[in-house]
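One structure is given below, encoded as structure tokens.
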Amino acid sequence: MPIFAFSSANVNQTWFYPGEVVVLTLNADSDKVVFPVISKIAGYSVLSTNNAKSISIMNTKRMVQSSKSYTFKPLKSLQ
3 MPIFAFSSAN
13 VNQTWFYPGE
23 VVVLTLNADS
33 DKVVFPVISK
43 IAGYSVLSTN
53 NAKSISIMNT
63 KRMVQSSKSY
73 TFKPLKSLQ
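In structure tokens:
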């Protein structure tokens with residue numbers, strides 16, 4: 003059974019004009035996270051997704067952060 007353990011979620015802008023592209027990014031402090039399949043956000047179709055992974059070593063400790071971004075285009079204000 004997949005576990006969703008997110009450390010943060012954010013959007014690339016706090017306000018937008020209708021029809022502008024908005025990117026929602028979910029971040030997790032693990033490389034074993036399974037991100038959810040999201041096809042709609044606030045009723046708007048997800049146009050594309052992107053996966054990223056960052057690996058760093060600090061004081062001999064390996065740290066991994068994974069993220070998944072969902073791009074969508076809302077046509078009106080979201081609340």
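In case it helps, this note's numbering puts the sequence shown at residues 3 to 81.
The C-beta atom is built at its ideal place from N, Cα and C for all residues, glycine as well.
Alpha-carbon to alpha-carbon, residue j and residue i
i, j, result
"PHE18", "SER79", "8 Å"
"SER41", "LYS75", "12 Å"
"SER71", "GLU22", "16 Å"
"THR16", "LEU26", "11 Å"
"ALA30", "ASN52", "14 Å"
"MET65", "SER9", "13 Å"
"VAL24", "VAL39", "17 Å"
"VAL59", "LEU28", "It should be pointed out that residue 59 corresponds to Ile in this sequence rather than to Val. Going by the C-alpha atoms only, they are around 22 Å apart."
Integer Cβ distance of residue i from residue j, believed to fall under 8 Å
i, j, result
"VAL35", "SER68", "5 Å"
Where residue i falls: helix, strand or coil (DSSP)
i, result
"LEU80", "coil"
"ASN61", "coil"
"THR16", "coil"
Given residue i as reference, the closest of the options once Cα atoms are compared
i, options, result
"LEU77", "ASN61, PRO38, TYR46, LYS63", "TYR46"
"ASN50", "ASN61, LYS63, ASP33, THR73", "Per the sequence shown, residue 50 should be read as Ser rather than Asn. It is THR73 whose Cα lies nearest to the Cα of SER50."
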